[in-house]
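Colleague: Just so you know, we're using full-length UniProt numbering here: the sequence shown kicks off at 1 and counts up by one. Yeah, the Cβ is synthetic: ideal placement off N, Cα and C, and Gly gets one too.
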Amino acid sequence: MHAMAILQVYQAKVLKDLHKGVPDPELLQEMRSATDYALRATKVTAQALGRTISTMVVQERHLWLNLAEMTIRLGYAIHFTRRPPKFRGILYTSVRGENAVVLRAEIAVLLAKDAIETAPSAEMKKGFYSPYFIVPKKGGRLRPILDLRVLNRALLKLPFKMLTLKHILTCVRDQDWFVAIDLKDAYFHVSMLPRHRPFLRFASEGRAYQYKGLSFGLSLLARVFTKVAEAALAPLREVGIRILNYLDNWLILAHSQDLVYTHRDVVLNHLARLGLRINWEKSKLSPAQSISFLGVELDLISMSAHLSPEGAQSVLRCVKTLRRGSTVPLKQFQRLLGHMASSATVMPLGLMHMSNATALASYPSPEMGMAPRHVPCEHHTIVPQNTQHLTRHLIPMGRGAPGTRGEWRLHPQSVQLIWNWLGQTQVDLFASPESTLCQLWYRLTEAPLGIDALAHSWLRDLLKYAFPPVSLIAQILCKVREDKEQVLLVALFWPNKTWFLDLVLLASAPPWRIPLRKDLLSQGEGHNLAPVPRSLEPPSLVPGRDQEDFRDLSPSVVNTLLQARAPSTRRLYDLKWCIFVNWCSSRGKDPRRCGIESVLSYLQGGLDKHLSASTLKVHVAAISANHDLVEGRS
């Protein structure tokens, strides 16, 4: 029995004895002692509960405050390109027969899921109403869709990048195991800002409704949910869990069956804590080395990737509608191009098959100078006519042809800080005579060590420095992993990138943050400066000490140290540390190894400028977080 319950029973017995006769001093003392113990136990329990709740709140705050351009606490605010559309009257959706039954059932389901709510009767003549229409879906059933085409014309067109098959194939390694997770009612988890909900209204059978969360048909739907999902997955990726997300379809990869089991459980617990629901029927939670994901069969037993039977049949059905001498709608060609673009990565010579279809889709009209609504179908070979050619063998990512890069370089003083701490490098893997800081380098044209660093075996005895374009970071990490190289790599702290997972797993020590400065990145011998994106700044290294102290720590412990401070605190420390770095640079001192007398001089200067004691304490904390130990102490 719980100790508190026993104590309460004892208190009840003492009170009963006191009530029967003359108050006994011993019983009174026992009652005081029991009450004191009960109050102390209640206090300890409350403190423990408070600490637990505060930890959960901090974790949730740290997670969701990183979301860009939205406030989860209040809801998502629609991005309008101009003034929101005005009220045009209540537009009722009129359907009959079977369609009416389907729409009623859809409204009932949405109400049960708390995805929609009844519009207030006093505000029915406000907002923007869109109609519902019914479309057939797989299996012969019908699906209601909210027609938001008019509303979408008033929304901003915000670009963003989603996961592609090319990225998936570059992340797959031999001996990998897979687990697939499918979210249930994923878009409804992102609530709408209350004052923007009236723009997502519809009316049926005399009643008006409005969406409380994201609605299907909204043009910004994919972007918003992708941003939310990336923020939710960032803590998992930072500890080395390899997980790829495409909207509500997520894929977990690990190099062993036991590890994928562990990572699966961690991800499921993480999703449960965030309140996200799993579609258990569509998810594939049993580890396997062959899995269907986004219409592609990934088979690591045969090391091949090919379209799933459903995906292959979709392509072939679309192709068969294009016959010689016939006229087909332009949308049919565009639909075919969509299928081919999604499958070109796993089809041999896939992009070459698309060229003719692309030309036909842009067929010009002599009179209007525009593409006609119907296109004559000439005899062109577009795609193979059977599924045997819709397969591509997987090759472990590695020596792909490098892309182009600008001649960006770090400021020499920043590079010198890196060398002072980690050792001076002798080879620059991505450089030119104008940008290199080493005597030996590789580049895309003639260079002392050759053309294209990815095509050569690197010198083992020399320390190598790499500041590659973002597009080549994945290939650099692959070469480091395969050839067991050691490289001093300069890269953005970008947890949402697929290559960041490899970076975490391959790093021999926690990342070291390069102090920010206005001229940190430059082109043209320092004349063209690049702004440093604050959203991609790496976190402050909590210890800020010698990396040797953390070589024996597990990734989870290192991640806890890195994330020990809130994002707002890290940004404040970064600002104060940059001020100290600039002060040291102007005096020729190393900000990480300068003596205590330099720190005191810096603080005295702030005091002379009438900075408050609380402000100086923040400067001290920022310096302490980044400065090396002095005689074993901070």
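Since I believe F128 is in contact with Q289 (beta carbons under 8 Å), could you give me their beta-carbon distance rounded to a whole number of angstroms?
Modeller: Rounded, the Cβ-Cβ distance is 50 Å, inconsistent with contact.
Colleague: With a cut-off of 8 Å on the beta carbons, I'd call I473 and A453 a contact; round off their distance for me.
Modeller: About 13 Å; that fails the 8 Å criterion.
Colleague: For R317, which beta-bridge partners are listed by DSSP?
Modeller: DSSP output for R317 lists no bridge partner at all.
Colleague: If the criterion is Cβ atoms closer than 8 Å, does the pair F500 and R237 meet it?
Modeller: Yes. Within cutoff.
Colleague: Straight-line CA distance for V9 to E26?
Modeller: Their Cα atoms are separated by approximately 18 Å.
Colleague: Kindly confirm or deny that the region 246 to 256 and the region 203 to 213 touch, where touching means at least three C-beta pairs closer than 8 Å.
Modeller: As far as the Cβ criterion goes, the region 246 to 256 does not touch the region 203 to 213, which means the pair count is below three.
Colleague: With a floor of 3 residues, list each beta strand (DSSP E) that falls wholly inside the region 61 to 149, ordered by position along the chain.
Modeller: The region 61 to 149 contains these whole beta strand (DSSP E) runs: 116 to 118, 132 to 136 and 142 to 146.
Colleague: Tell me whether E69 is buried or exposed, calling it buried when 16 or more other Cβ atoms sit within 10 Å of its Cβ.
Modeller: The pLDDT assigned to E69 is 38, lower than 50, so where the model puts this residue is not dependable; a value taken from the coordinates is nonetheless given after this. The residue is exposed, with fewer than 16 neighbouring Cβ atoms inside 10 Å.
Colleague: Q523 by DSSP, collapsed to three states: which one?
Modeller: Of the three classes helix, strand and coil, the one that applies to Q523 here is strand, per DSSP.
Colleague: Sort out for me which residues DSSP pairs T262 with in a bridge.
Modeller: According to DSSP, T262 bridges with nothing at all.
Colleague: In chain order, what residues of the same chain have a beta carbon less than 7 Å from the beta carbon of L477, not counting five sequence neighbours either side?
Modeller: W499, D502, L503 and L506.
Colleague: For V101 versus P144, is the C-beta spacing smaller than 8 Å?
Modeller: No, Cβ-Cβ distance for V101 and P144 is not below 8 Å.
Colleague: Determine which residues share a DSSP beta bridge with W441 and list them.
Modeller: DSSP output for W441 lists D428 as bridge partner(s).
Colleague: In its own chain, which residues sit with a C-beta less than 8 Å from the C-beta of N616, not counting the 5 before and 5 after it?
Modeller: The amino acid occupying residue 616 in the given sequence is Leu; Asn does not appear at that position. Correct list, in chain order: L603, G606 and L607.
Colleague: Across which residues does DSSP place M162 in a beta bridge pair?
Modeller: Partner(s): none; M162 has no beta bridge.
Colleague: Alpha carbon to alpha carbon, what distance is there between A186 and A231?
Modeller: Roughly 14 Å between the two C-alpha positions.
Colleague: Figure out for me which residue from D483, E482 and V487 has the closest Cα to the Cα of L462.
Modeller: Of the candidates D483, E482 and V487, the one whose C-alpha sits nearest the C-alpha of L462 is V487.
Colleague: Please classify V14 as buried or exposed, where buried requires at least 16 other C-beta atoms within 10 Å of its C-beta.
Modeller: Buried.
Colleague: Between G423 and the rest of its own chain, which residues show a CB-CB distance below 7 Å, the 5 nearest in sequence each way excluded?
Modeller: Excluding residues within five positions, the ones whose Cβ falls inside 7 Å are L463.
Colleague: Which residues mark the beginning and the end of the alpha helix (DSSP H) in which K284 is found?
Modeller: From DSSP, K284 is part of no alpha helix (DSSP H) but of the beta strand (DSSP E) over K284 to A288.
Colleague: Cutting at 6 Å between CB atoms, please list the residues of its own chain near R88, excluding the five before and the five after it.
Modeller: Within the same chain, R88 has no close Cβ partners at all.
Colleague: Which residue from S191, A305, R149 and R513 puts its Cα closest to that of T170?
Modeller: For the residues S191, A305, R149 and R513, the minimum Cα distance to T170 belongs to A305.
Colleague: For C231, name the three-state secondary structure that DSSP assigns.
Modeller: It should be noted that the sequence gives Ala, not Cys, for residue 231. Looking at A231 - three-state DSSP - the assignment turns out to be helix.
Colleague: For the structure I just gave you, are there three or more beta carbon pairs, one from the region 152 to 167 and one from the region 276 to 283, closer than 8 Å?
Modeller: The region 152 to 167 vs the region 276 to 283: no contact.
Colleague: Do you know offhand how far D147's Cα is from E106's?
Modeller: Approximately 15 Å between the Cα atoms of the pair.
Colleague: With 16 other CB atoms within 10 Å as the buried threshold, where does R273 fall?
Modeller: The residue in question, R273, is exposed, as its Cβ has fewer than 16 Cβ neighbours within 10 Å.
Colleague: Indicate whether L489 and A466 have their beta-carbon atoms separated by less than 8 Å.
Modeller: In contact: L489 and A466 (Cβ atoms closer than 8 Å).
Colleague: For I301, tell me which candidate among I291, L307 and G295 has the shortest Cα-Cα distance.
Modeller: Selected option, being the one with the closest Cα: I291.
Colleague: Where do the N-terminal and C-terminal ends of the beta strand (DSSP E) with R419 fall, by residue?
Modeller: Here residue 419 is Trp; the residue named in the question, Arg, does not match the sequence. That residue, W419, is in no beta strand (DSSP E); its alpha helix (DSSP H) goes P412 to L422.
Colleague: Count Cβ pairs between the region 189 to 207 and the region 259 to 268 that sit closer than 8 Å; are there 3 or more?
Modeller: With the cut-off at 8 Å, the region 189 to 207 and the region 259 to 268 do not touch.
Colleague: For Q210, report the span of its beta strand (DSSP E) as first-last.
Modeller: Q210 -> beta strand (DSSP E) spans R207 to Y211.
Colleague: Could you tell me the distance, in whole angstroms, from the CA atom of P194 to the CA atom of H79?
Modeller: One C-alpha to the other measures close to 14 Å.
Colleague: Give me the Cα-Cα distance between Q475 and Q175, rounded to the nearest whole angstrom.
Modeller: Cα to Cα, the separation comes out at about 19 Å.
Colleague: Give every residue of the same chain whose Cβ lies closer than 8 Å to the Cβ of I579, excluding the five residues on either side of it in the sequence, and list them in chain order.
Modeller: Same-chain partners within the cutoff: H619.
Colleague: Is the beta carbon of L298 less than 8 Å from the beta carbon of S343?
Modeller: No.
Colleague: Which residues mark the beginning and the end of the alpha helix (DSSP H) in which residue 719 is found?
Modeller: The structure shown does not extend to residue 719, since the chain is modelled only from 1 to 634, so the question has no answer here.
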